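Going by our numbering, 36 is the number at position 49 of the sequence shown; the sequence numbering is gapless.
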Amino acid sequence: MLRLISVLVLSIDFVGWSVAQQQPTPGKNQEPRRSERNKEAGESSSRDSRIDLSPPKDDAKNHPYSGAAVSDAEAETSPDVQEFHPWDPHKALKDIEVGDFYLKRKNYRAALDRYREALIWKPNDAIANFRMAQCFEKLNQPEEARTHYDQYLKILPHGPLSEEAQKGLEKLKGAAEKDQASGKVLPKQ
């Protein structure tokens, strides 16, 4: 008797499970699913979302001089100039990280190369300019250091390192005044 009840319960569970696994079919008033419709036609579903990019009917009438403005703009740009500037802030950040590694190891020339490369990928990067100024200062190149401290302050006048940049500029200015007073000329490297 116990076996009969357990077989009966299992069969009811199996029937319920099989009914739950069946996919509902669309009724006669329902549209078939998009995936089924497109499989039959061999088409993509993106066909349904095409965007009309043609100008409005009265565009030429409402904007009669637009053609001349476009041709003037095209005439102003020289066909020789095809400048594209690389922009990759992720590569710039990675170059700054590697430059910081070299800076900590006091390899200032290698750090400068990495900071220069960071400025290629992201031209107005404040941190790269500040670190370059520090490297130039360590390499006894005060003019270049001053230029990059100024650049940092132009980008972030109230940034987290602005006080240090101001101190660096004052220090470089004081050192330049002492050197001028003593008649000493700093060697360029």
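Ideal placement from N, C-alpha and C gives every residue a C-beta, glycine not left out.
These numbers were taken from a predicted model, which means no experiment stands behind them.
Own chain, CB closer than 6 Å to residue i, minus 5 neighbours either side, in chain order
i, result
"Ala168", "none"
"Phe123", "Glu131, Ala132"
"Arg96", "none"
Own chain, CB closer than 8 Å to residue i, minus 5 neighbours either side, in chain order
i, result
"Trp74", "Trp108, Lys109"
"Arg118", "Ile83, Gly86, Asp87, Leu90, Ala98, Tyr102"
Environment of residue i [buried if 16+ CB atoms lie within 10 Å]
i, result
"Asn116", "buried"
"Ala105", "buried"
"Pro76", "exposed"
Endpoints, alpha helix (DSSP H) assigned at residue i
i, result
"Asp137", "129 to 142"
"Met219", "Residue numbering for the chain in the displayed model covers -12 to 176; residue 219 lies beyond these limits and cannot be assessed."
"Gly155", "149 to 169"
Same chain only: Cβ atoms within 7 Å of residue i, ignoring 5 sequence neighbours per side
i, result
"Ala113", "Tyr139, Ile142, Leu143, Gly146"
"Arg133", "Leu156, Leu159"
"Asn111", "Ile142"
Residue from the options whose Cα sits closest to the Cα of residue i
i, options, result
"Glu151", "His135, Glu164, Ala163", "His135"
"Arg92", "Leu(-3), Glu164, Lys125, Phe71", "Lys125"
"Ala79", "Arg96, Asn94, Asp100, Tyr95", "Asp100"
"Ala163", "Asn127, Ile(-8), Ser149", "Asn127"
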